[in-house]
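Enquirer: Have a look at this one.
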Ligand SMILES: O=C(O)CCC(=O)C(=O)O
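Numbering (my numbering), first residue to last: -18 to 312.
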């Protein structure tokens, strides 16, 4: 559970007594043994590995497809961390700071990965609700992102009620900027920006407070006895983490790529903050009980995209959408 002093409403798996509750659900037959083990791991450590959510072939297909986004740059969004949004150029395969944003909108393969059955079953049990995959990033290289908690930047109506998955699209090698995290750090007390915010708003809280926040994360984790670990994933493995887990991208010391897909999910009853300022907020159904939404694309059913030659050969197919919002101004 997050620090017992949290002022935010947790998911049941983050609440006091979650371990006992998992056992009760196991005994009543509401949870199978495998899910109960995964949930116990999440409760204790703030993260859990689910191996082989994608086959090698599925991971390769997705990588190949990502390798072709520059054929339709107008339909995709890329961004260097905290810089302006842009359409992708071949930089996305050479610049380690580049990532594609909301790739799940235009890719059936990404949607299948995001809602691969073992991930879907786990999140359904943890959320006790339908699932909304509301943000999705692809990485070609390690991000080298500083240690952080997602809630500082990913804003939803209940700040503790979302999770992330990290799916390896290739075997991860040492020195490629492996995902790194302080195990158990999701139990630290809240860091509050201002009086009551888990998210950092630069114009309200200022850059100094952000620097201070980043500086405290390692100190607080180590003072609490949390151990730093890395995820040396095999192709197709996934790691799921709780919103408050302190994590980031390790240092890159080799030329190796580290292709991966990262998704943020919330229960359907929790609202991503962008629903308050994009007039087109919509949850598009993908498979039973699973939806996607996007800050950047208008997914409403009457806003059809066009069928790309890419996807005509695949079933089921979806039309390509062009971004409606590149993050420059509010719509
Ligand atoms: O993949 C990484 O290196 C870090 C990803 C991450 O921290 C995030 O998406 O929140």
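C-beta atoms are modelled at their ideal positions from N, C-alpha and C, and glycine is treated no differently. Here the structure is a predicted model, which is why all the values come from computation and not from measurement.
1) Run the CB neighbour count on residue -10, radius 10 Å, all protein chains shown included, and call it buried at 16 or more, exposed below.
2) Under a Cβ-count criterion, where at least 16 other Cβ atoms within 10 Å of its own Cβ denotes burial, should residue 174 be classed as buried or exposed?
3) On a Cα-Cα basis, can you pick out the residue from 301, 73, 195 and 106 that is closest to residue 280?
4) May I have the straight-line CA-CA distance separating residue 311 from residue 10, to the nearest angstrom?
5) Is the Cβ-Cβ distance between residue 299 and residue 113 less than 9 angstroms?
6) Alpha carbons only, please: which of 36, 124 and 176 is nearest the one belonging to residue 98?
7) With a threshold of 8 angstroms (Cβ to nearest heavy atom), would residue 149 be considered close to ligand 1?
8) When you compare each of 255, 216, 229 and 251 to residue 241 by their alpha carbons, which one comes out closest?
9) For ligand 3, I want to know if residue 145 counts as a neighbour, meaning its beta carbon is within less than 8 angstroms of at least one of the ligand's heavy atoms.
10) Reducing DSSP to helix, strand and coil, say where residue 79 ends up.
11) Classify residue 147 as helix, strand or coil using the three-state DSSP reduction.
12) By how many angstroms is the C-alpha of residue 198 removed from the C-alpha of residue -1?
13) Measuring only the C-alpha atoms, how far is residue 307 from residue 123?
14) Which whole runs of the alpha helix (DSSP H) in the stretch 17 to 63 are 4 residues long or more, in chain order?
15) Quick check: what's the CA-CA separation for residue 119 versus residue 274?
16) Can you tell me the Cα-Cα spacing of residue 177 and residue 45, whole angstroms?
17) Taking all protein chains shown into account, decide if residue 253 is buried (16 or more other Cβ within 10 angstroms of its Cβ) or exposed.
18) For residue 40, which residues of its own chain have a beta-carbon under 6 angstroms away from its beta-carbon, when the five flanking residues on both sides are left out?
19) Secondary structure at residue 97, three-state DSSP: helix, strand or coil?
20) To the nearest angstrom, how far is it from the Cα of residue 229 to the Cα of residue 304?
21) Whole angstroms are fine: how far does the CA of residue 61 sit from the CA of residue 76?
22) Where DSSP assigns a beta bridge to residue 228, which residues make up the other side?
23) If I measure Cβ to Cβ from residue 65 and keep anything under 6 angstroms in the same chain, skipping five residues before and after, which residues do I get?
Expert: Looking at the coordinates:
1) Its Cβ having fewer than 16 others within 10 Å, residue -10 is exposed.
2) So residue 174 ends up on the buried side.
3) Nearest option by C-alpha distance: 301.
4) Legend: pLDDT at residue 311 = 44, less than 50; position of this residue unreliable, no value from coordinates given.
5) No, these two residues do not count as a Cβ contact at 9 angstroms.
6) Closest in alpha carbon position to residue 98, among 36, 124 and 176, is 36.
7) If you check the C-beta of residue 149 against ligand 1, you find no heavy atom less than 8 angstroms away.
8) Closest in alpha carbon position to residue 241, among 255, 216, 229 and 251, is 216.
9) Looking at this structure, you won't find ligand 3 anywhere; what it does contain is ligand 1.
10) Strand at residue 79.
11) DSSP places residue 147 in strand when its eight states are reduced to three.
12) Answer to the nearest angstrom: the Cα atoms are 25 angstroms apart.
13) One C-alpha to the other measures close to 24 angstroms.
14) Fully enclosed alpha helix (DSSP H) runs of 4 or longer: 37 to 47.
15) Distance between the alpha carbons of residue 119 and residue 274 is about 16 angstroms.
16) Approximately 44 angstroms between the Cα atoms of the pair.
17) Buried, since its Cβ has 16 or more Cβ neighbours within 10 Å.
18) Around residue 40: 150, 216 and 217.
19) Looking at residue 97 - three-state DSSP - the assignment turns out to be coil, as it is neither helix nor strand.
20) If you take the alpha carbons of residue 229 and residue 304, they lie about 28 angstroms apart.
21) If I take the Cα positions, the gap works out to 9 angstroms.
22) Partner residues in the beta bridge of residue 228, as assigned by DSSP, are 129 and 162.
23) Correct list: empty, nothing qualifies.
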